[in-house]
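Peer 1: Residue numbering for the sequence shown follows my numbering, beginning at 471 and increasing consecutively. In this text, a Cβ means the ideal position worked out from N, Cα and C, and glycines have one as well.
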Amino acid sequence: MQLELLSKHHLQPLFDFELENRAWFESLIEPRENNFYSEQGVAQHIDEELDKVISSTAFCGLLIKDNEIIARANLRDISANKASVGYRVSKRFLSQGYASLCLASLIEIAKKEFGVQYLEAKVLANNPASKHVLLKQGFEIIGNVPNFITLNNKSLACTEFGFKYT
Numbered sequence: 471m472q473l474e475l476l477s478k479h480h481l482q483p484l485f486d487f488e489l490e491n492r493a494w495f496e497s498l499i500e501p502r503e504n505n506f507y508s509e510q511g512v513a514q515h516i517d518e519e520l521d522k523v524i525s526s527t528a529f530c531g532l533l534i535k536d537n538e539i540i541a542r543a544n545l546r547d548i549s550a551n552k553a554s555v556g557y558r559v560s561k562r563f564l565s566q567g568y569a570s571l572c573l574a575s576l577i578e579i580a581k582k583e584f585g586v587q588y589l590e591a592k593v594l595a596n597n598p599a600s601k602h603v604l605l606k607q608g609f610e611i612i613g614n615v616p617n618f619i620t621l622n623n624k625s626l627a628c629t630e631f632g633f634k635y636t
């Protein structure tokens with residue numbers, strides 16, 4: 471199983487993935503705008519992401535199993551030296567190693583396809599599983615930002631991670 475680059479033909483499966491997991495994702499990260507949750511909203515999102523892919527400032531991958539998106543994995547703000555990583559896994563597929571697979575793939579893609587030397591990630595305090603995945607893949611904690619965001623009426627800290635290629 472490997473990451474597949476996001477394309478326009480993923481519209482319906484991506485819409486289904488995001489809609490099915492909306493409450494789950496919004497319990498962990500900042501919610502998307504309401505207008506995202508329509509076929510038109512997801513189509514616009516895909517177009518915006520593909521513009522970033524074309525300009526080589528992003529990589530937007532999908533992990534697909536049996537024609538269903540089970541995870542998203544992204545490189546953002548790609549420059550000559552660094553990129554930011556992010557991933558989200560369907561609630562139905564948690565604790566099966568898919569986040570680790572996504573992150574390992576992003577580490578490889580960032581180096582081989584973009585020549586990145588350093589990766590960064592941010593994880594909110596309400597997501598210890600994601601922290602575990604980052605540490606397991608060789609990321610190190612580089613900082614902590616208290617009161618980073620208010621989510622569901624609760625102030626959350628953010629842990630910042632870094633990964634330097636050797």
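With the cut-off set at 7 Å, would you say Val-586 and Ala-553 are in Cβ contact?
Peer 2: Yes; because the gap between Cβ atoms is below 7 Å, this pair is in contact.
Peer 1: Would the beta-carbon of Ser-589 fall within 7 Å of that of Phe-633?
Peer 2: The sequence given here has Leu at residue 589, not Ser. Yes. Within cutoff.
Peer 1: For the candidate residues Pro-501, Gln-514 and Ala-595, whose alpha-carbon lies nearest to that of His-480?
Peer 2: Gln-514
Peer 1: Could you compute how far the alpha carbon of Arg-502 sits from the alpha carbon of Gly-511?
Peer 2: 11 Å
Peer 1: Is Val-586 helix, strand or coil when you go by DSSP?
Peer 2: coil
Peer 1: Take the Cβ of Ile-499 as the centre, count every other Cβ of all protein chains shown within 10 Å, and call the residue buried at 16 or more, exposed below.
Peer 2: Classification for Ile-499: buried.
Peer 1: From the beta carbon of Asp-486, is the nearest beta carbon of chain C less than 7 Å away?
Peer 2: Absent here is chain C; the protein component of the structure consists of one chain.
Peer 1: Residue ranges of each beta strand (DSSP E) run of no fewer than 3 residues wholly in the segment 519-604, ordered along the chain?
Peer 2: Correct list: 529-535, 538-546, 552-559 and 588-594.
Peer 1: Hey, could you find the ends of the alpha helix (DSSP H) Pro-483 is sitting in?
Peer 2: Residue range 481-490 is occupied by the alpha helix (DSSP H) that includes Pro-483.
Peer 1: Spatial neighbours of Lys-478 within its chain, please: CB distance less than 7 Å, with the 5 preceding and 5 following residues excluded, ordered by chain position.
Peer 2: The answer, listed in chain order, is Ile-516.
Peer 1: Checking 7 Å against the spacing of the C-beta atoms, do Asn-597 and Leu-626 come in under that value?
Peer 2: no
Peer 1: Got a sec? Which residues, its chain only, sit under 6 Å from Ser-575 by beta carbon, not counting five neighbours each side?
Peer 2: Leu-473
Peer 1: With a threshold of 7 Å on Cβ separation, who are the neighbours of Leu-638 within its own chain once the five nearest residues in sequence on each side are excluded?
Peer 2: Absent from the structure is residue 638, since the part of the chain shown begins at 471 and ends at 636.
Peer 1: Can you list, in chain order, the residues of its chain with a C-beta nearer than 8 Å to that of Ala-569? Leave out the 5 residues immediately preceding and following it.
Peer 2: Ala-541, Tyr-557, Val-559, Ala-599, Ser-600 and Val-603
Peer 1: Per DSSP, what kind of secondary structure is Phe-609 in: helix, strand or coil?
Peer 2: Taken through DSSP and simplified to helix, strand or coil, Phe-609 comes out as coil.
Peer 1: Assuming Phe-631 and Leu-594 are in contact, meaning their beta carbons sit under 8 Å apart, how far apart are those beta carbons, in whole angstroms?
Peer 2: So it is not a contact: roughly 12 Å between Cβ atoms.
Peer 1: Give a yes or no on whether the C-beta atoms belonging to Ala-528 and Val-555 are separated by under 7 Å.
Peer 2: no
Peer 1: Expressed to the nearest angstrom, what Euclidean distance is found between the alpha-carbon atoms of Lys-535 and Phe-563?
Peer 2: Approximately 10 Å between the Cα atoms of the pair.
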